[in-house]
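Undergrad: Here's a structure for you.
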């Protein structure tokens, strides 16, 4: 079966041997496979780009006292986002749905992919329909929906195994209509998610909502991981392709590095086809201007350049994207720190040494009572601009 994962294959083999129930009821079965869980995959550094944005049917198992206590089957078009959202809902009591209530009673909660679609068409309508069907079938096979008096006899009539004390955490049989096909590219979706989570983060901070802030922060960090995989990995390999979709404003495709309207207008003229490449270059031209002295040592001579992916149609013009870095905001700094990390090690080390030398020079010139000054005065003395 195309798309089935090793865990999915194991479960189907157990079903064919007629020992599915005895296999999955044991907590040690799941514990021994923990390294293959989404939990473990999400914790690994340098996330796998294709998996992070894969379309997935997944299985969540809740364990207590070394036994399976509840089970949940779900589907998503973006594995990593959905996993993080589930975990923040479970851990921070962000949602009172039955699926999260059962998980909160467990000692261990593990999530496994049982079907994955990493193809380029995974967000198109046929792929959504396929996942919706696969989701419903696994819900039926694994008894993750037990709330209906008519559904359970249906399973029994087909000879499907009963799971005894295990609670089905699904609120429906999962044969709902599939999600609508999405026109958004991974690049567009990443930017949208980060903006949403960032807004929720700021709102919770302003209102003093601790749990909501913690949940939004976890989701925002998760979105940053996906952003790095989707944006920085292709750039590190050479260049990042982008196809501008009609009606979509691409100014925010780089979270933190928002493309200015002026640069976008020029790019539209230089690459009318809407098919672009973005490329990081190191030389004399800089994308960041109005840099402080310390930041100039780090980022001067770095340029993010955009040009047409179809030069035979559009010509060979290029646009150096620019940002005003006075002062450099947190999101813009994180974006450029990521780009800086893509340079050859010798270049990174040279820039960091120059940065350290500038900072040491500034510190050496400070007044003896520098720390007693106001923030505005300290920033002004250090030449870092005035924050208002």
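Numbering (the working numbering), first residue to last: 472 to 859. Every residue, glycine too, gets a C-beta built ideally from N, C-alpha and C. Quick caveat: nothing in here was measured; it's all calculated off a predicted structure.
Across which residues does DSSP place residue 714 in a beta bridge pair?
TA: As a working mapping, residue 714 is identified with position 243 in the chain shown. Per DSSP, 746.
Undergrad: Report the rounded CA-to-CA distance for residue 703 versus residue 697, giving the unit in angstroms.
TA: For the purposes of this step, residue 703 is identified with residue 232 of the chain shown, where counting begins at 1. For the purposes of this step, residue 697 is identified with residue 226 of the chain shown, where counting begins at 1. Approximately 10 Å, taken between the alpha carbons.
Undergrad: Considering only DSSP beta bridges, list what residue 774 is partnered with.
TA: On the chain shown, residue 774 is found 303 positions in, with the first residue counted as 1. Answer is 752, bridged to residue 774.
Undergrad: Going by DSSP in three states, residue 518 sits in which element: helix, strand or coil?
TA: Here residue 518 corresponds to residue number 47 of the chain shown, with the count starting at 1. Because residue 518 sits at a pLDDT of 48, beneath the cut-off of 50, its placement in the model cannot be relied upon, and the point is left open.
Undergrad: Going by the CB atoms, is the gap between residue 687 and residue 672 shorter than 7 Å?
TA: Indexing the chain shown from 1 puts residue 672 at position 201. Indexing the chain shown from 1 puts residue 687 at position 216. Yes, these two residues count as a Cβ contact at 7 Å.
Undergrad: Pull up the CB-CB distance for residue 714 and residue 663, whole angstroms please, since I reckon it's below 8 Å.
TA: Reading the chain shown from its first residue, position 243 is the one you call residue 714. Reading the chain shown from its first residue, position 192 is the one you call residue 663. With 8 Å as the limit, residue 714 and residue 663 do not qualify as a contact, their Cβ atoms being about 16 Å apart.
Undergrad: Following the continuous beta strand (DSSP E) through residue 526, name the residue where it begins and the one where it ends.
TA: Your numbering for residue 526 matches position 55 in the chain shown. Here the beta strand (DSSP E) through residue 526 covers 526 to 535.
Undergrad: Using DSSP with H/G/I as helix, E/B as strand and the rest coil, what is residue 559?
TA: Counting from one through the chain shown, the residue named residue 559 turns up at place 88. In this structure, residue 559 counts as helix in the three-state DSSP scheme.
Undergrad: Exposed or buried, which one is residue 823 when buried takes at least 16 other CB atoms within 10 Å?
TA: What you label residue 823 is simply residue 352 of the chain shown in a count that begins at 1. It is exposed - the Cβ of residue 823 has fewer than 16 other Cβ atoms within 10 Å.
Undergrad: Is the CB-CB distance between residue 510 and residue 581 below 7 Å?
TA: Taking the first residue of the chain shown as 1, we reach residue 510 at position 39. Taking the first residue of the chain shown as 1, we reach residue 581 at position 110. Yes, the pair counts as a contact, with Cβ atoms nearer than the cut-off.
Undergrad: Quick one: give me the first and last residue of the beta strand (DSSP E) that residue 818 is part of.
TA: Working through the chain shown from its first residue, we reach residue 818 at position 347. Residue 818 -> not in any beta strand (DSSP E); alpha helix (DSSP H) instead, spanning 816 to 835.
Undergrad: Taking the alpha carbon of residue 639 as the reference point, which residue from 505, 712, 725 and 533 has its own alpha carbon closest?
TA: Within the chain shown, the letter at position 168 stands for residue 639. It is 533.
Undergrad: Could you check whether the segment 742 to 757 touches the segment 775 to 790, counting it as contact only if at least three pairs of C-beta atoms, one from each stretch, sit closer than 8 Å?
TA: Yes: the two stretches touch, three or more of their Cβ pairs being nearer than 8 Å.
Undergrad: Since residue 694 contacts residue 668 with CB under 8 Å, what's their CB separation in whole angstroms?
TA: What you label residue 694 is simply residue 223 of the chain shown in a count that begins at 1. What you label residue 668 is simply residue 197 of the chain shown in a count that begins at 1. Rounded, the Cβ-Cβ distance is 5 Å, consistent with contact.
Undergrad: Is the separation between the beta-carbon of residue 799 and that of residue 707 shorter than 7 Å?
TA: Looking up residue 799 in the chain shown gives position 328. Looking up residue 707 in the chain shown gives position 236. Cβ distance not < 7 Å, so residue 799 and residue 707 don't count as in contact.
Undergrad: Just to confirm, is the Cβ distance from residue 583 to residue 508 under 7 Å?
TA: Here residue 583 refers to the residue found at position 112 of the chain shown. Here residue 508 refers to the residue found at position 37 of the chain shown. Yes, these two residues count as a Cβ contact at 7 Å.
Undergrad: Mapping DSSP to helix, strand and coil, what is residue 729?
TA: For the purposes of this step, residue 729 is identified with residue 258 of the chain shown, where counting begins at 1. In the structure shown, residue 729 sits in coil (DSSP, three-state: anything other than H, G, I, E or B).
Undergrad: Just the Cα atoms here: how many angstroms apart are residue 562 and residue 837?
TA: Your numbering for residue 562 matches position 91 in the chain shown. Your numbering for residue 837 matches position 366 in the chain shown. So the alpha carbons of these two residues sit roughly 46 Å apart.
Undergrad: Is it true that the CB of residue 475 sits closer than 7 Å to the CB of residue 586?
TA: Here residue 586 refers to the residue found at position 115 when the chain shown is read from its first residue. Here residue 475 refers to the residue found at position 4 when the chain shown is read from its first residue. Yes, these two residues count as a Cβ contact at 7 Å.
Undergrad: When DSSP labels each residue in this structure, what does residue 786 get in the three-state scheme?
TA: Taking the chain shown and counting its residues from 1, the one referred to as residue 786 is at position 315. Residue 786: coil per DSSP, three-state reduction.
Undergrad: Assuming the contact rule is C-beta atoms closer than 8 Å, residue 806 and residue 725 should be a hit. Round their C-beta distance to whole Å, please.
TA: Within the chain shown, numbered from 1, the residue matching residue 806 stands at position 335. Within the chain shown, numbered from 1, the residue matching residue 725 stands at position 254. 6 Å between Cβ atoms; contact.
Undergrad: Which residues does DSSP list as the beta-bridge partners of residue 543?
TA: Along the chain shown, read from residue 1 onward, the residue named residue 543 stands at position 72. Residue 543 is bridged to 531.
Undergrad: Between 712, 793 and 481, which lies nearest to residue 501 when the distance is taken from Cα to Cα?
TA: The residue labelled residue 501 in the question sits at position 30 within the chain shown. Minimum Cα distance to residue 501 is reached at 481.
Undergrad: Measure the alpha-carbon distance for residue 849 versus residue 642 and round it to whole angstroms.
TA: Counting from 1 along the chain shown, the entry for residue 849 is found at position 378. Counting from 1 along the chain shown, the entry for residue 642 is found at position 171. If you take the alpha carbons of residue 849 and residue 642, they lie about 57 Å apart.
Undergrad: Mind checking whether residue 817 and residue 768 have CB atoms under 7 Å apart?
TA: Within the chain shown, the letter at position 346 stands for residue 817. Within the chain shown, the letter at position 297 stands for residue 768. Taking 7 Å as the Cβ cut-off, residue 817 and residue 768 do not qualify as a contacting pair.
Undergrad: Quick check: what's the CA-CA separation for residue 733 versus residue 764?
TA: What you label residue 733 is simply residue 262 of the chain shown in a count that begins at 1. What you label residue 764 is simply residue 293 of the chain shown in a count that begins at 1. Computed Cα separation, rounded: 26 Å.
Undergrad: I'd like to know whether the C-beta atoms of residue 594 and residue 548 end up nearer to each other than 7 Å.
TA: Residue 594 sits at position 123 when you count from the first residue of the chain shown. Residue 548 sits at position 77 when you count from the first residue of the chain shown. The answer is yes: Cβ separation under 7 Å.
Undergrad: Would residue 496 and residue 530 qualify as a contact pair, given that the criterion is a beta-carbon distance under 7 Å?
TA: Position 25 of the chain shown, counting from 1, holds the residue named residue 496. Position 59 of the chain shown, counting from 1, holds the residue named residue 530. Cβ distance not < 7 Å, so residue 496 and residue 530 don't count as in contact.
Undergrad: Please determine, among 784, 761 and 801, the residue with the shortest C-alpha to C-alpha distance to residue 795.
TA: Here the question's residue 795 lines up with position 324 in the chain shown. For residue 795, the nearest C-alpha among the options comes from 761.
Undergrad: Report the residue from 717, 498, 743 and 628 whose alpha carbon sits nearest the alpha carbon of residue 780.
TA: As a position in the chain shown, residue 780 is number 309, starting the count at 1. It is 743.
Undergrad: Is DSSP giving residue 795 helix, strand or coil here?
TA: For the purposes of this step, residue 795 is taken as residue 324 along the chain shown, with counting starting at 1. It is a strand residue.
Undergrad: Does the distance from the CB of residue 492 to the CB of residue 634 come in under 7 Å?
TA: For the purposes of this step, residue 492 is taken as residue 21 along the chain shown, with counting starting at 1. For the purposes of this step, residue 634 is taken as residue 163 along the chain shown, with counting starting at 1. A contact, by the Cβ cut-off of 7 Å.
Undergrad: Which of helix, strand or coil does DSSP assign to residue 580?
TA: Locating residue 580 in the chain shown gives position 109, where the first residue counts as 1. Residue state, collapsed to three classes: strand.
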